[in-house]
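Participant:
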Amino acid sequence: MVMECSFVTRYVPALTRLATGRHPGVTPPSRPRRGAAGWPVSLLSGMSVVDHLTPLLGRWQGTNRLRLMPTDDYQTSAATATIGVTAARFVSVAYTWADGDAPQDGLLLLGGDEDAAAVWVDSWHTGPTWMTFAGGVADGELRLRGSYPAESGPDWGWHIHVRPRDAVLTMHNVVPGHEPYQVVELALQPAP
Numbered sequence: 009m010v011m012e013c014s015f016v017t018r019y020v021p022a023l024t025r026l027a028t029g030r031h032p033g034v035t036p037p038s039r040p041r042r043g044a045a046g047w048p049v050s051l052l053s054g055m056s057v058v059d060h061l062t063p064l065l066g067r068w069q070g071t072n073r074l075r076l077m078p079t080d081d082y083q084t085s086a087a088t089a090t091i092g093v094t095a096a097r098f099v100s101v102a103y104t105w106a107d108g109d110a111p112q113d114g115l116l117l118l119g120g121d122e123d124a125a126a127v128w129v130d131s132w133h134t135g136p137t138w139m140t141f142a143g144g145v146a147d148g149e150l151r152l153r154g155s156y157p158a159e160s161g162p163d164w165g166w167h168i169h170v171r172p173r174d175a176v177l178t179m180h181n182v183v184p185g186h187e188p189y190q191v192v193e194l195a196l197q198p199a200p
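Its first residue numbered 9, the sequence shown is counted upward by one per residue in the numbering used here.
1. Any idea if V34 is buried or exposed, counting beta-carbon neighbours within 10 angstroms, 16 or more meaning buried?
2. In terms of residue numbering, what span does the beta strand (DSSP E) encompassing V127 cover?
3. Which residue from Y156, S85, R171 puts its Cα closest to that of H60?
4. Got a sec? Which residues, its chain only, sit under 8 angstroms from P188 by beta carbon, not counting five neighbours each side?
5. Could you name the residues of the same chain whose beta carbon sits closer than 6 angstroms to that of T84, not counting the 5 residues immediately before and after it, in chain order?
6. Rounded to a whole number of angstroms, what is the C-alpha to C-alpha distance between S160 and A199?
7. Among the residues of its own chain, which have a CB less than 7 angstroms from the CB of L82, if the five just before and after it don't count?
8. Kindly identify the DSSP beta-bridge partner or partners of T94.
9. Kindly indicate the opening and closing residues of the beta strand (DSSP E) around D113.
10. State the CB to CB distance for the pair A102 and L115, rounded to an integer number of angstroms; the pair is presumed to be in contact (CB under 8 angstroms).
11. Quick check on the burial criterion: 16 or more other C-beta atoms within 10 angstroms. Buried or exposed for D174?
12. For a cutoff of 8 angstroms on Cβ pairs, would you count D123 as touching chain C?
13. With a cut-off of 8 angstroms on the beta carbons, I'd call V93 and L64 a contact; round off their distance for me.
14. Given a cut-off of 8 angstroms, decide if T140 and V129 are closer than it, judged by their beta-carbon atoms.
15. Could you tell me how far apart the beta carbons of W105 and A87 are, in whole angstroms, since I believe they sit closer than 8 angstroms?
16. Locate the alpha helix (DSSP H) running through H60, then write down its first and last residues.
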């Protein structure tokens with residue numbers, strides 16, 4: 009003999025009606041909108057980080073320009089990048105460049121729906137540690153802000169901007185009390 013639990017008999021039909029919207033006067037909770045790639049779409053920017061960066065997916069080549077101070081000339085090197093979706097909701101940007109004859113590489117892992125978050129490592133810029141970032145999409149550009157400890161005084165800022173429309177990634181140093189200035193420009197074109 010099978011006994012029915014009174015909870016099941018009483019509440020499951022009502023919960024089913026509520027969940028399916030077949031309950032008079034009750035609207036079921038709305039589901040998040042999904043982008044073309046199937047990920048939730050941000051209500052603030054209109055798309056998730058993955059959807060925003062979809063035009064950049066693939067293999068790229070181009071140039072990396074680097075300077076330390078705003079008055080320095082840029083040093084230019086060849087660069088490559090491989091950009092892909094990782095773990096369904098993140099975008100990875102693995103890139104190479106050179107400091108003179110010394111090869112360098114880095115990895116930027118980005119994700120988020122309404123707000124973007126990222127982790128960045130670079131063999132030259134960050135050394136044995138990583139930096140974390142937060143930000144969002146504004147004017148078609150993904151803008152991330154992070155900081156790193158200075159030798160003395162307050163932390164310095166580091167901004168990363170990704171512009172899918174022209175396949176450019178820029179990095180900006182932020183000295184406390186001064187305007188940000190561009191330090192890195194990674195300009196990419198599709199690899200053959």
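Just so it is clear, CB atoms sit at the ideal spot from N, CA and C, and this is done for glycine as well.
Facilitator: Reading it off the structure:
1. For V34, the predicted model reports a pLDDT of 39, less than 50, meaning its position is unreliable and no value from the coordinates is stated.
2. 124-130
3. R171
4. G165, H167, H180, N181, V182
5. T71, R73
6. 43 angstroms
7. A quick correction: the sequence has Tyr, not Leu, at residue 82. Counting only Cβ-Cβ distances below 7 angstroms, and skipping sequence neighbours, we find R73, L74, R75.
8. F98
9. 110-119
10. 5 angstroms
11. exposed
12. Reference to chain C is not applicable here, since this structure consists of a single protein chain.
13. Incorrect: roughly 11 angstroms between the Cβ atoms, too far for contact.
14. no
15. 4 angstroms
16. 57-61
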